[in-house]
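Taken in order, these protein sequences are the chains called B and E.
For the record, in the first sequence the residue sitting at position 13 is 13 according to full-length UniProt numbering, with numbers rising by one throughout.
For the record, in the second sequence the residue sitting at position 175 is 175 according to full-length UniProt numbering, with numbers rising by one throughout.
Ideal placement from N, C-alpha and C gives every residue a C-beta, glycine not left out.
In this text the structure is predicted, and so the values were computed from the model without any measurement.
Please read the structure below before turning to the comments.
Number of protein chains: 2
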Amino acid sequence: MKNKKVAVIGGSRGLGKWIAKFLKKEGFKVTITSRDHEYGRKVAKKMGVKYCENNIDAAKSSDIVIVSVPIASTVKVIKEIAPHLRKGSLLLDVTSIKEKPAKAMEKYVPNYVEVLPTHPMFGPRITSLDGQVVILTPIRKSKCLNKVINFLKEKKARVIVTTPKKHDKMMSVIQVLTHFAYICIASTIEKLKINIKESRKFASPIYNLMVDTIARIVAQNPHLTFSIQHENKEGEKVRKLFIDIAKKMNNIIENNEKEKFIEEVRKAAKNLDDIESALGRSDKAIAALNEEIKKLKKSVGKEVGLKHIYSGKVHVGILKEVSPDFVVLKSRKMTLKLKTSNIRILNKKELQKWKIKKFGTKKFDISVIFPEKCDPNVIAKVVENEEGVISAKIIDVYKGEQIPQGMVSITIRFEVLDKKYYQNVKKLLEGLGAKIR
Amino acid sequence: MKNKKVAVIGGSRGLGKWIAKFLKKEGFKVTITSRDHEYGRKVAKKMGVKYCENNIDAAKSSDIVIVSVPIASTVKVIKEIAPHLRKGSLLLDVTSIKEKPAKAMEKYVPNYVEVLPTHPMFGPRITSLDGQVVILTPIRKSKCLNKVINFLKEKKARVIVTTPKKHDKMMSVIQVLTHFAYICIASTIEKLKINIKESRKFASPIYNLMVDTIARIVAQNPHLTFSIQHENKEGEKVRKLFIDIAKKMNNIIENNEKEKFIEEVRKAAKNLDDIESALGRSDKAIAALNEEIKKLKKSVGKEVGLKHIYSGKVHVGILKEVSPDFVVLKSRKMTLKLKTSNIRILNKKELQKWKIKKFGTKKFDISVIFPEKCDPNVIAKVVENEEGVISAKIIDVYKGEQIPQGMVSITIRFEVLDKKYYQNVKKLLEGLGAKIR
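Here's what the structure looks like:
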C-alpha cells in the first residue's frame with residue numbers, strides 16, 4: 001500500500017478532502033486536484049499532499065484514481081481522464097448515484113483499467129470508518145475488488161456489494177424520499193412562521209430528535225441534496241407517489257374516513273420491520289442525551305474534561321454552568337462557553353489519561369519497612385489503587401544489618417500525576433504500620 | 001393530597017391507566033371508569049383502585065376528575081358529567097387538542113367547578129415524569145393552577161402554561177405535520193415494496209435513527225393518530241400547505257431549477273434554529289447506541305446484568321452472543337434471547353447493587369495484628385477497596401498481654417457479596433504483613 005499513488009480528483013473540499021486526508025494517514029502517496037487552483041494548493045500544502053493543476057496529469061501518474069466531484073460533473077470527468085489511465089490502475093467514483101457513473105465507466109474506460117463505482121454512506125464529519133457503510137457496485141470482473149473490501153473491513157467499515165441499479169433503487173427511498181419529505185416539512189414550518197425554538201419547548205424529547213434529524217438533512221450541502229433528487233432515475237417516481245399518497249391521506253382525513261385511515265397506517269406500520277426495536281432504540285437514544293445532561297449538572301463546581309465531538313479537542317477546568325444549550329467552563333487562563341450538544345464529558349479514566357499526556361507524570365521511590373512475611377506485590381497493588389497514582393512496582397527487597405529482625409525493606413517506585421500525591425502514598429504506607437526509611 | 005379522591009374517566013387503558021397507576025402511587029384515592037366493565041374491573045383490581053360503572057357516579061364523589069377518553073368522545077363526556085361535579089372540585093382533560101375541550105368546559109361546566117384543559121406530551125410507556133413536558137391551558141381564574149404546577153414540578157416535569165388556541169397551533173406542526181409526513185413516508189415505502197430491514201443495511205446510522213422515529217409515530221395507537229389529524233382546526237391548512245410545497249419542490253427538481261431549489265432549502269434551514277446543535281445532538285445519540293453495542297461485544301464471555309428498559313427487570317448471566325438485533329444470555333437456569341434494543345447493560349456498581357438486593361451480603365469479622373503505629377482507618381479503607389468487598393469498618397482495637405510488644409490487634413468487620421471473598425481479604429491482610437489471630 002505504502003507505495004501506491006492515489007489521485008483524488010476534487011480532493012480540496014468535502015468528502016474528497018476527507019478521503020485524501022484519510023489515505024495520506026494510511027500511508028498512500030496522495031495527489032489532489034481542484035477547480036480552484038489557489039485554494040487547492042493551499043489545502044494540499046496543509047494536508048502535506050501533492051497538488052496537480054490538471055486532472056489528466058494526476059490520473060496518468062496514479063495507481064488509484066478516485067473521482068470525488070459533484071454528481072453532475074462526474075460523467076464528464078470520467079470521460080476526460082479515461083483514455084489516460086494507466087494499465088492495471090483502479091478507477092473509483094464516490095458519488096451518491098451509481099447507474100450514471102457506472103455506465104460512463106463501461107463506455108469510456110478501457111478494459112485494461114479496473115473500475116469500481118462506490119458510494120460511501122457518510123459525510124466528511126466522521127472521525128473514523130468504524131461502523132460506517134461503504135457500498136461497492138462492481139460492474140466488471142476485478143482483481144482489486146477483494147483488496148478494497150479487505151482494506152475497508154480492516155478499518156471496521158461495513159461493506160455492501162450490490163449492482164448500480166439496486167443501489168439507486170434503495171437510495172430512491174433511503175435518500176430521495178426521506179430528504180424530500182424532510183425538506184418539505186422544514187419548508188412548511190418556515191412558511192407557517194412557526195418558531196422552531198419555541199416549538200421545542202412544547203414538545204416531547206422524540207420531537208426534538210425528529211427536528212434534529214430534519215435539520216441534519218436540510219443543512220447538508222444543498223448542491224449535493226439537489227443532485228441526489230435530480231440525478232436518481234427513480235427519484236421522480238418516488239416523489240410523485242409520495243405526493244399522491246399525501247393527497248389521498250388528506251382526503252381520507254377530511255372525509256372523516258377513520259377506518260380507511262387506520263387500515264393504511266396499519267399496512268405501513270407492518271412493513272416497518274421491528275417496531276418494538278425501533279421504539280427501544282429511539283428511547284435509548286433520548287435517554288443517552290438526558291443521561292449526559294444529568295451527568296453534567298452533577299459535575300457543576302467540579303473539575304471536568306470536556307471533549308469536542310468533532311475536533312477532538314479537550315478543555316479541562318471547573319464547570320460553572322450547565323443548560324441544554326451551553327456549558328460554561330472556567331480554566332486557569334480563561335472562561336469558555338461551549339455548546340452542550342457538541343461536547344462530551346470525559347470519564348475519570350479518560351481525564352486522567354489526558355492529564356498524563358498533557359502534563360506527564362512524576363516518579364518517586366520510597367523505601368519502607370514491613371514485616372518479612374508480607375507480600376511486596378500486594379503492597380504495590382495497594383499503592384497503585386491509591387488516588388492519583390498511575391503505577392507502582394517493587395524495585396528492591398532488602399534484608400540486612402540496618403533492618404530490624406523479622407522485618408524487610410521494600411523500595412516501591414510509583415508514578416503520580418502531581419507531586420502532591422506523594423504525601424498520600426506516604427500516609428497510606430504509614431497507615432499500614434510501615435516505617436519510612 | 002393523600003385524602004383527595006380522583007376519578008379517571010377512561011382509566012383502564014393507555015394514558016388514563018398510566019395516570020391512575022401514577023396517582024395511586026402518589027397516595028391519591030383513585031377510582032376508574034371504562035366502557036368495558038368486565039375489563040375495567042379487572043384492571044382496577046390489579047392496580048388496587050376502585051372501579052365505578054358510571055361516569056356520573058365517579059364524578060359526583062371525587063375532588064379531582066380527569067377525562068382521559070378518545071378526543072372524539074371528550075366533549076360528550078364533559079357534557080355528561082358537568083352538572084354532577086362537586087363544588088370546588090377540579091376537572092381536567094388530557095387529550096391532544098385543547099380548543100374543543102376548553103370550549104366544552106366553558107359551556108357546560110358550572111362556575112363553582114375549576115377546570116384545567118391539559119396535554120401531557122408523553123405516552124403510557126414512560127417510567128417517570130422526570131423531564132417530560134405537560135402543557136396546561138387554563139381558561140378561568142383558578143385556585144388550583146399553582147397547586148397543579150407545583151405538584152408537576154416536584155415530579156420534575158417541565159410545565160408549559162399557554163392558551164388552548166396557541167397550543168393547537170403549535171400542535172398543528174409538532175404533531176399534525178410531522179405525523180402526517182411520517183405516515184406518508186412509511187406508506188410510500190410500503191407501496192414501493194422496499195424491504196425496510198434490507199434498506200437499513202445499506203444506510204448510514206442516521207437513516208436508521210430516522211426510520212426508528214418514523215416507526216415510532218406510525219406504530220402509535222392509530223385511533224389517536226387519526227384524531228390528532230382530524231380534530232385539530234389548523235390541521236387541514238397545514239397538510240394542504242405541505243402538499244402544495246411538495247408539488248412545488250418536485251416541479252423545481254424536475255425542471256432542473258437548481259438555484260431555486262437551493263434558495264428554498266436555505267430559507268427552510270435558516271428557520272431551523274441551531275443546526276450545529278442539531279448535528280451534535282443527533283451524532284451523540286447515534287454514538288451512544290454504537291457505544292452500547294461495543295460495550296456489549298466486549299462483555300461476551302463475561303458475567304453481565306441486562307436491564308429491560310421498560311419493565312425494569314434485570315437478567316444476570318454469562319453473555320454468549322451479541323448482534324444489533326439480539327443478545328443471548330446464559331444464566332444458571334436457562335438461556336435467554338433478548339432484543340438488544342430493549343436492554344441496557346448495567347455498569348459494575350449497578351450490577352453489584354442488584355446482587356446485594358437479590359442475594360444479600362455476608363458479614364465476617366477478622367482480627368489481625370499490625371504494628372502499633374498503624375492507622376486502623378487506613379487499613380479498613382484498603383480492605384473496602386478490595387474486589388467483592390462492600391464495606392469494612394473497625395470494631396475493636398486492642399493492646400494487651402497476648403499481643404507482642406509494639407503491636408496492636410485490630411478487628412475488622414467486613415461485608416462481602418459471597419463468602420469466597422473472605423479468602424481475598426485474608427490474603428490481602430497477610431500480604432500487608434499482618435498476622436491473622
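Proximal residues of chain B, C-beta to C-beta of residue i below 8 Å
i, result
"R266 of chain E", "P222"
"H315 of chain E", "Within 8 Å Cβ-Cβ: nothing; H315 of chain E doesn't reach chain B, min ~15 Å."
"F122 of chain E", "S204"
Helix, strand or coil at residue i according to DSSP, with G and I counted as helix
i, result
"Y421 of chain B", "helix"
"M171 of chain B", "helix"
"R239 of chain B", "helix"
"A278 of chain B", "helix"
"D212 of chain B", "helix"
"Y108 of chain E", "helix"
"F370 of chain B", "strand"
"G312 of chain B", "coil"
"L15 of chain E", "helix"
"S341 of chain E", "helix"
"A203 of chain E", "coil"
"V218 of chain B", "helix"
"K100 of chain E", "helix"
"L319 of chain B", "strand"
"V383 of chain B", "helix"
"E80 of chain B", "helix"
Residue from the options whose Cα sits closest to the Cα of residue i
i, options, result
"R332 of chain E", "E:N342, E:V316, E:L338 and E:K339", "E:V316"
"M105 of chain E", "E:E350, E:F122 and E:K79", "E:K79"
"G27 of chain E", "E:R35, E:K4 and E:K307", "E:K4"
"I9 of chain B", "B:R41, B:A59 and B:V43", "B:A59"
"K260 of chain B", "B:N271, B:K248 and B:K270", "B:K248"
"N221 of chain E", "B:A20, B:Q220, B:N250 and B:I275", "B:I275"
"A268 of chain B", "E:R200, E:I189 and E:R266", "E:I189"
"K29 of chain B", "B:D63, B:K270 and B:G40", "B:D63"
"N195 of chain E", "B:D273, B:V161 and B:D36", "B:D273"
Test item: CB-CB of residue i and residue j under 8 Å
i, j, result
"H167 of chain B", "H119 of chain B", "yes"
"V211 of chain E", "A288 of chain B", "no"
"L429 of chain B", "V378 of chain B", "no"
"L152 of chain E", "L116 of chain E", "no"
"G431 of chain B", "C374 of chain E", "yes"
"M170 of chain B", "S204 of chain E", "no"
"K284 of chain B", "L346 of chain B", "no"
"F226 of chain B", "F180 of chain B", "no"
"T213 of chain E", "I206 of chain B", "yes"
"Q175 of chain E", "A157 of chain E", "no"
"T137 of chain B", "A102 of chain B", "yes"
"V314 of chain B", "G305 of chain B", "yes"
Contact set between residue i and chain B, taken where Cβ atoms lie within less than 7 Å
i, result
"K201 of chain E", "I160"
"C52 of chain E", "Neighbours of C52 of chain E on chain B: none; closest Cβ ~29 Å, over 7 Å."
Close-in-space but distant-in-sequence residues of the same chain around residue i (CB under 8 Å, 5 per side omitted)
i, result
"V173 of chain E", "V238"
"T340 of chain E", "I293, L296, V322, S323, P324, D325, F326 and V327"
"K426 of chain E", "I366 and I436"
"P110 of chain E", "A82, P83 and L85"
"A215 of chain E", "A186"
"V94 of chain B", "L15, G16, I19, I66, V67, S68, T118, H119 and P120"
"V383 of chain E", "V389, A392, I412, F414, V425, L428 and L429"
Proximal chain E residues relative to residue i, where beta-carbon distance stays under 7 Å
i, result
"residue 448 of chain B", "Chain B is shown from 1 up to 437; residue 448 of chain B falls before or after that span and cannot be answered."
"A20 of chain B", "By Cβ distance, chain E contributes nothing, its closest Cβ being about 21 Å from A20 of chain B, past 7 Å."
Where residue i meets chain E, residues with beta-carbon distance less than 9 Å
i, result
"K240 of chain B", "N250"
Residues near residue i in its chain [Cβ-Cβ closer than 6 Å; skip 5 each side]
i, result
"Y398 of chain E", "S409"
"G14 of chain E", "P124"
"A142 of chain B", "As written in the sequence, residue 142 of chain B is Ser, which differs from the Ala given in the question. The answer, listed in chain order, is E114."
Proximal residues of chain E, C-beta to C-beta of residue i below 8 Å
i, result
"L23 of chain B", "Per Cβ cutoff of 8 Å: no residues; L23 of chain B is ~21 Å from chain E at best."
"Q229 of chain B", "I253 and F261"
"T74 of chain B", "Going along chain E, no residue has its Cβ under 8 Å from T74 of chain B, so there is no contact; the nearest lies around 16 Å."
"K258 of chain B", "H223, F226 and H230"
"G131 of chain B", "P205 and N290"
Residues of its chain near residue i, where Cβ-Cβ distance is below 7 Å and the 5 sequence neighbours each way are ignored
i, result
"K330 of chain E", "G317, I318 and K320"
"N424 of chain B", "E386, E387 and G388"
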